[in-house]
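Novice: Reminder that position 214 of the sequence shown reads as 222 in our numbering, one-by-one numbering, no gaps.
Just passing along the structure, written as structure tokens.
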Amino acid sequence: MNNPPTSPINSSYDVAVIGGGPGGAALATFLARAGHRCIVFEQAKYPRYHIGESLVPHTYGIFERLGILPQLRASAFPVKHSVRFVAPDGKASLPFYFTETIKGDGARTWQVERSQFDCLMLDHARANRVEVHEQSVVQEVIFEGGRAAGVRVASNNGSPAEVRAKVVVDASGHACVIGRQLNLLCKLPELRKATAWSYFRGGKRLPGIDAGETTMFLIPGGGWFWYIPLPEDIVSVGLVADPEYVFSQSDDMEAAYLREVARCASLTERLVTAERFGPVRGSRHLASLNRQTSGDGWVMIGDARAFLDPIYSSGLYLALGSAELAAQCIDEALKSGDVSAARLGRFEGPLMQGVEVVRRLIHAFYDPKFSFMEFAKRFPEHRHALIDCLVGDVIKDMSAFTNALAQMTPPPPPLGSNLPKPSAPVPAGA
Ligand SMILES: Cc1cc2nc3c(=O)[nH]c(=O)nc-3n(C[C@H](O)[C@H](O)[C@H](O)COP(=O)(O)OP(=O)(O)OC[C@H]3O[C@@H](n4cnc5c(N)ncnc54)[C@H](O)[C@@H]3O)c2cc1C
9 MNNPPTSPIN
19 SSYDVAVIGG
29 GPGGAALATF
39 LARAGHRCIV
49 FEQAKYPRYH
59 IGESLVPHTY
69 GIFERLGILP
79 QLRASAFPVK
89 HSVRFVAPDG
99 KASLPFYFTE
109 TIKGDGARTW
119 QVERSQFDCL
129 MLDHARANRV
139 EVHEQSVVQE
149 VIFEGGRAAG
159 VRVASNNGSP
169 AEVRAKVVVD
179 ASGHACVIGR
189 QLNLLCKLPE
199 LRKATAWSYF
209 RGGKRLPGID
219 AGETTMFLIP
229 GGGWFWYIPL
239 PEDIVSVGLV
249 ADPEYVFSQS
259 DDMEAAYLRE
269 VARCASLTER
279 LVTAERFGPV
289 RGSRHLASLN
299 RQTSGDGWVM
309 IGDARAFLDP
319 IYSSGLYLAL
329 GSAELAAQCI
339 DEALKSGDVS
349 AARLGRFEGP
359 LMQGVEVVRR
369 LIHAFYDPKF
379 SFMEFAKRFP
389 EHRHALIDCL
399 VGDVIKDMSA
409 FTNALAQMTP
419 PPPPLGSNLP
429 KPSAPVPAGA
């Protein structure tokens, strides 16, 4: 991909975005279209590697509103029509086809190779008059009187620059620039999962429209593998399980990953003709959360706000969904001249409602006594809501559904209630 030469940074913008991932690119596109001057700082040179490859169908409406569907349709990304679970004894569920609940083109989505997908998104932002600077690391957010006033950026072509903006958006993913600076970021103690993943060339694909499905191979003890077909005959294969289980024999991530792949007979059957390439990557504790969504002059979106677990492929949807919700709030705040925490953070309620639904489903999934099949039998009236969750339609009131869930699996402690105490006071107004 050819990037246009980096233009000199003007000193003042309406919105400065930290991170050019899908969340940051989408938010900046929406705001630029609403007439605001937006600048995005991305530390990497694109294309760059990223994990998180399976979309859910409910992203379709956001892609449509962004105007990026033509690029996705023209891409080589495998089309995903369904999800299937394979039990530890090798018994496969019937595929769950999204057409069960969605009609038309939106009933399918894509398995995206992230370096290409993220380039598409960032190029689309540029095409919508967003000023994008790659290889530009935001070192810190500048606060004046407790209010975010801009960012300090180190780029590859000069000394650190101060860029002023009326609103600063943290879309920096796990780096979570504002969360770390203000000491708001915590690991979620009750969702401690480790992950390790790698890539194979030549893994088996299912015939017909099942070729692009996500297959989840469940393993004894509550862990699971994802099997995600990508372009160029590549599959992404990743393990998620308790860290005590993954690292029970040694601390070596690659050894643990290869041992577990070899143990899962139905997975190895798919990989019999495949060749692994590239490193084994991973993380020892996935789930993280911040104590705030907004402050005076700033907001957080996407993984920078919260990331829980990849089981429902909800990360990209929540990044894009929070980008769209936050863009609406920022647009209104800028027009009203009030960029206070309360005004900017009006999207927190709907966003955290969605995060909470996903969190409840994650806890249900990892509860060995709980079964979604039993749930659907006992509460047929909530089958539709369950399907909504699988397609990603979760940013709405689903309390009737989560109350029913609570009758079959104990609800976790309220989100954020058992976070470790901050080690330093949060600055006033932040
Ligand atoms: C193991 C695993 C599997 C996953 N699988 C899926 C899946 O199948 N489906 C799904 O939907 N989601 C999945 N996810 C989640 C998904 O990866 C994220 O939710 C998604 O990438 C979030 O997008 P984002 O824009 O918020 O952040 P990111 O995509 O992380 O983008 C943040 C950007 O900010 C940049 N940045 C960071 N710090 C700075 C700085 N200081 N200055 C400038 N730029 C900076 C980074 O370089 C990056 O480009 C998975 C996650 C994990 C860990």
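Where is the CB? At the ideal position from N, CA and C, for every residue including glycine.
1. Give me, in chain order, the residues of the same chain whose beta-carbon lies closer than 6 Å to that of SER144; leave out the 5 immediate sequence neighbours on both sides.
2. Let's see if you can read the secondary structure: which residues bound the alpha helix (DSSP H) around CYS337?
3. What residue from ILE242, ARG313, ARG289 has the CA that sits closest to GLU356's CA?
4. Between ALA202 and ARG292, is the Cβ-Cβ spacing less than 8 Å?
5. Looking at PHE208 and LEU279, is the spacing between their C-beta atoms short of 8 Å?
6. Can you confirm whether the stretch 54–62 touches the stretch 70–77 when touching is taken to mean that 3 or more C-beta pairs between the two stretches lie within less than 8 Å?
7. With distances taken Cα to Cα, identify the nearest neighbour of GLU152 among GLU142, ALA219, GLU170.
8. Leaving out the 5 sequence neighbours to the left and right, which residues in its chain are closer than 8 Å to ARG122 when beta-carbon positions are compared?
9. Assess contact between the stretch 177–194 and the stretch 306–320, defined as three or more Cβ pairs (one per stretch) separated by less than 8 Å. Is contact present?
10. With DSSP collapsed to three states, give me the class of MET261.
11. Under DSSP, the beta strand (DSSP E) around HIS141 begins and ends at which residues?
12. Using the three-state DSSP reduction, which class does ASN10 fall into: helix, strand or coil?
13. For PRO318, is the beta carbon positioned less than 7 Å from some heavy atom of ligand 1?
14. Please name the residue in SER407, VAL149, TYR325 whose C-alpha comes closest to that of VAL399.
15. Could you spell out where the beta strand (DSSP E) holding ASP22 opens and where it closes?
16. Helix, strand or coil: which one does DSSP assign to PHE38?
17. Could you pull the start and end residues of the beta strand (DSSP E) that GLY357 belongs to?
18. Whether or not the stretch 412–424 and the stretch 332–348 are in contact is what I'm after, with contact meaning three or more pairs of Cβ atoms, one per stretch, closer than 8 Å; do they touch?
19. Check whether the Cβ of PRO239 sits closer than 7 Å to any heavy atom of ligand 1, and report yes or no.
20. With a Cβ-Cβ cutoff of 8 Å, do PRO237 and GLY220 count as a contact?
21. Any heavy atom of ligand 1 within a distance shorter than 7 Å of the CB on ASP311?
22. Closest Cβ-Cβ distance between GLY31 and chain B: below 8 Å?
23. Note down, in chain order, each residue of its chain lying with its Cβ closer than 7 Å to the Cβ of ALA412, except the 5 sequence neighbours on either side.
24. By DSSP, does GLN119 sit in helix, in strand, or in coil?
25. Mind checking ARG81: buried by the 16 CB within 10 Å criterion, or exposed?
26. Report the option in ILE26, PRO228, GLN79 whose CA atom is closest to the CA atom of PRO376.
27. TYR21: which of PRO96, ALA34, GLU108, VAL159 sits nearest, CA to CA?
28. Measuring from the CB of HIS490, is there a heavy atom of ligand 1 at a distance below 7 Å?
29. Using 7 Å as the cut-off, classify the Cβ of ILE59 as near or not near the heavy atoms of ligand 1, replying yes or no.
30. Quick check on this structure: which residue in VAL23, GLY32, VAL64, SER258 has the alpha carbon closest to the alpha carbon of ILE395?
31. Shortest alpha-carbon distance to ALA204 belongs to which of SER83, PRO251, ASP131?
32. Got a sec: does ligand 1 put a non-hydrogen atom nearer than 7 Å to the Cβ of ILE242?
33. Any idea what DSSP makes of GLN147, helix, strand or coil?
34. Taking 8 Å as the cut-off, decide whether the C-beta atoms of ALA40 and LEU328 are in contact.
35. Return yes when the C-beta of PHE208 is under 7 Å from any heavy atom of ligand 1, and no when it is not.
Specialist: A quick look at the data gives this:
1. Taking the sequence shown and counting its residues from 1, the one referred to as residue 144 is at position 136. The answer, listed in chain order, is PHE49, VAL161, SER163.
2. For the purposes of this step, residue 337 is taken as the residue at position 329 of the sequence shown. From DSSP, the alpha helix (DSSP H) with CYS337 extends over 323–344.
3. Numbered from its first residue, the sequence shown carries residue 356 at position 348. When only C-alpha atoms are compared, the closest one is ARG313.
4. As a working note, residue 202 is residue 194 in the sequence shown. As a working note, residue 292 is residue 284 in the sequence shown. Contact check for ALA202 against ARG292 passes: the beta carbons are separated by less than 8 Å.
5. For the purposes of this step, residue 279 is taken as the residue at position 271 of the sequence shown. For the purposes of this step, residue 208 is taken as the residue at position 200 of the sequence shown. The beta carbons of LEU279 and PHE208 sit closer together than 8 Å.
6. With the cut-off at 8 Å, the stretch 70–77 and the stretch 54–62 do not touch.
7. Walking along the sequence shown from the start, residue 152 turns up at place 144. Ranking GLU142, ALA219, GLU170 by Cα distance to GLU152 puts GLU170 first.
8. Here residue 122 is taken as the residue at index 114 of the sequence shown, counted from 1. Around ARG122, the same chain offers TYR57, HIS58, ILE59, GLY60, GLU61 as residues with beta carbons nearer than 8 Å, after the five sequence neighbours per side are excluded.
9. Touching, yes, given that three or more Cβ pairs across the two stretches are closer than 8 Å.
10. One-based indexing of the sequence shown puts residue 261 at position 253. MET261 falls in the helix class under three-state DSSP.
11. Stepping through the sequence shown from its first residue, residue 141 is reached at position 133. It spans 139–141 - the beta strand (DSSP E) in which HIS141 sits, taken as one unbroken run.
12. As a working note, residue 10 is residue 2 in the sequence shown. Low per-residue confidence applies at ASN10: pLDDT is 40, beneath 50, and the placement is therefore not dependable, though the value from the model is reported in the following sentence. For ASN10, the three-state secondary structure derived from DSSP is coil.
13. Looking up residue 318 in the sequence shown gives position 310. At least one heavy atom of ligand 1 is nearer than 7 Å to the Cβ of PRO318, so yes.
14. Residue mapping note: residue 399 aligns to position 391 of the sequence shown, counting from 1. That would be TYR325, whose Cα lies nearest to the Cα of VAL399.
15. Position 14 of the sequence shown, counting from 1, holds the residue named residue 22. The continuous beta strand (DSSP E) containing ASP22 extends over residues 20–26.
16. To locate residue 38, count along the sequence shown from 1; it is residue 30. Shown here, PHE38 sits in a helix according to DSSP, grouped into three states.
17. Walking along the sequence shown from the start, residue 357 turns up at place 349. Segment 356–374 is the alpha helix (DSSP H) holding GLY357; no beta strand (DSSP E) there.
18. Output reads no: the stretch 412–424 does not touch the stretch 332–348.
19. Your numbering for residue 239 matches position 231 in the sequence shown. The answer is no for PRO239.
20. The residue you call residue 237 lines up with position 229 of the sequence shown. The residue you call residue 220 lines up with position 212 of the sequence shown. Less than 8 Å separates the beta-carbon of PRO237 from that of GLY220.
21. Along the sequence shown, read from residue 1 onward, the residue named residue 311 stands at position 303. Yes; taking the cut-off as 7 Å, the Cβ of ASP311 has a heavy atom of ligand 1 nearer than that.
22. Absent from the structure is chain B; it holds one protein chain and no more.
23. Along the sequence shown, one-based indexing puts residue 412 at 404. Hits under 7 Å: PHE387, HIS390.
24. Translated into the one-based positions of the sequence shown, residue 119 becomes position 111. Residue state, collapsed to three classes: strand.
25. Residue numbering aside, residue 81 sits at position 73 when the sequence shown is read from its first letter. Answer is exposed; the Cβ neighbour count stays below 16.
26. By 1-based counting over the sequence shown, the position of residue 376 is 368. The option with the nearest alpha carbon to PRO376 is PRO228.
27. By 1-based counting over the sequence shown, the position of residue 21 is 13. Closest by alpha carbon: VAL159.
28. Here the chain has residues from 9 to 438 only, and residue 490 is not among them.
29. Here the question's residue 59 lines up with position 51 in the sequence shown. It does: the Cβ of ILE59 is within 7 Å (strictly closer) of some heavy atom of ligand 1.
30. For the purposes of this step, residue 395 is taken as the residue at position 387 of the sequence shown. Ranking VAL23, GLY32, VAL64, SER258 by Cα distance to ILE395 puts VAL64 first.
31. Residue 204 sits at position 196 when you count from the first residue of the sequence shown. Comparing Cα-Cα distances from ALA204 to each of SER83, PRO251, ASP131, the minimum goes to PRO251.
32. By 1-based counting over the sequence shown, the position of residue 242 is 234. For ligand 1, not one heavy atom lies less than 7 Å from the Cβ of ILE242.
33. Here residue 147 is taken as the residue at index 139 of the sequence shown, counted from 1. In this structure, GLN147 counts as strand in the three-state DSSP scheme.
34. In the sequence shown, counting from the first residue as 1, residue 40 sits at position 32. In the sequence shown, counting from the first residue as 1, residue 328 sits at position 320. Judged by their CB atoms, ALA40 and LEU328 are not nearer to each other than the 8 Å cut-off.
35. For the purposes of this step, residue 208 is taken as residue 200 along the sequence shown, with counting starting at 1. Because no heavy atom of ligand 1 lies under 7 Å away, the Cβ of PHE208 does not count as near it: no.
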